[in-house]
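Below you'll find the structure, written out as structure tokens, and then a few comments.
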Ligand SMILES: C[S@@+](CC[C@H](N)C(=O)[O-])C[C@H]1O[C@@H](n2cnc3c(N)ncnc32)[C@H](O)[C@@H]1O
């Protein structure tokens, strides 16, 4: 085994370049300082869905800003078109920000866009962001790992995972928290699958909607109930399902328990 370090440093040297910026879960004040710096210097910004409209206020006035978002099967551009736009603007020597929701490395189609840049020898950098997965835990005032209770965290794509049997291997012995993204349309089926794979019917399940946004809201139940009744969505915004013992303290929580909440 050979250790390695990055030998190429990202430099903007008169050539077009792309900064992939993790925008965080939606709220503009969860953007990193480095991400903000690149946005302020950008000549072109290609941005995703799920970011709050207040992001538009921090975009430079003279930048070309294109919405290239995809939500629930409604795609403003295909993945190929987005990659082609990056290459096209970079070949015009533009400084580009590709702004993605949450962290670019989690279900962000980063690999496809990187491949297009590498193929065309376009310099790039990746700036991490706060993922909605961890932002949700912060909002629920809980921890995804918990000493002696939850030693692992797995992140599943609820959109396709039901058809992929391999993703459920070993679930009967899983001692941790499962975060399911893009799964709010299949809550009953996901709860049923988890129980079929050996997860206890008494395991807590939470739905966190609009994490970090204005209409943030949480609902909790247990798997056996979710299998029969689902968890009704309260908003039309995005949601994450959390499953595991680490969130048991959220069961039966009411609004009046939420005494420590500080909202900007
Ligand atoms: C394509 S994935 C992108 C995830 C993103 N890269 C991240 O790290 O948060 C989109 C899914 O993330 C979840 N999501 C993203 N932002 C969210 C938010 N503010 N509230 C709840 N769920 C969110 C939803 O499950 C949504 O369908």
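Residue numbers (the working numbering): -3 to 260.
For every residue, glycine included, the Cβ atom is placed at its ideal position computed from N, Cα and C.
On a predicted model such as this, the values are computed, not experimentally measured, just so you know.
Based on the DSSP output, what are the partners of residue i in its beta bridges?
i	result
residue 13	91
residue 159	Answer by DSSP bridge pairing: none, since residue 159 is not bridged.
residue 241	Partner(s): none; residue 241 has no beta bridge.
residue 20	98
residue 41	61 and 93
residue 235	205
residue 72	Answer by DSSP bridge pairing: none, since residue 72 is not bridged.
residue 189	Answer by DSSP bridge pairing: none, since residue 189 is not bridged.
residue 217	201
residue 144	For residue 144, which the question treats as bridged, DSSP gives no partner whatsoever.
Grab me the residues of residue i's own chain with a C-beta within less than 6 Å of its C-beta, minus the 5 sequence neighbours each way, in chain order.
i	result
residue 197	191, 219 and 220
residue 60	40
residue 155	178
residue 247	200 and 216
residue 259	Its pLDDT being 47, under 50, residue 259 is placed unreliably by the model, and nothing is read from it.
Would residue i be called buried (16 or more neighbouring beta carbons within 10 Å of its own) or exposed?
i	result
residue 206	buried
residue 234	buried
residue 250	exposed
residue 209	buried
residue 109	buried
residue 52	exposed
residue 114	exposed
residue 135	buried
residue 236	buried
residue 165	exposed
residue 85	buried
residue 12	buried
residue 97	buried
residue 44	buried
List the whole-angstrom C-beta distance separating residue i from residue j, where the pair is believed to meet the contact cut-off of C-beta under 8 Å.
i	j	result
residue 180	residue 211	The pair is not a contact, with the Cβ atoms about 14 Å apart (cut-off 8 Å).
residue 294	residue 213	Limits of the chain in this structure are -3 at one end and 260 at the other, which puts residue 294 out of reach.
residue 35	residue 17	7 Å
residue 168	residue 223	Going by Cβ atoms, the distance from residue 168 to residue 223 rounds to 17 Å, so no, they are not a contact pair.
Using only alpha-carbon positions, find the residue among the options that is nearest to residue i.
i	options	result
residue 22	215, 50, 163 and 55	50
residue 90	42, 136, 52 and 166	42
residue 146	5, 238 and 27	238
residue 119	92, 144, 140 and 101	92
residue 243	223, 171 and 105	171
residue 102	87, 128 and 94	128
residue 31	161, 95 and 188	95
residue 2	64, 121 and 85	121
residue 144	58, 117 and 240	240
residue 126	13, 19, 111 and -1	19
residue 227	186, 245 and 193	186
residue 81	14, -1, 26 and -2	14
residue 78	99, 58, 54 and 107	107
residue 99	202, 6 and 131	131
residue 25	112, 44, 6 and 54	54
residue 176	193, 123, 152 and 73	152
residue 7	72, 112, 83 and 117	117
residue 163	56, 111, 193 and 88	193
residue 46	66, 58, 56 and 203	66
residue 27	38, 204 and 124	124
Among the residues of its own chain, which have a CB less than 7 Å from the CB of residue i, if the five just before and after it don't count?
i	result
residue 182	154 and 158
residue 133	139 and 140
residue -2	none
residue 48	22, 23, 24 and 209
residue 75	105 and 108
residue 142	242
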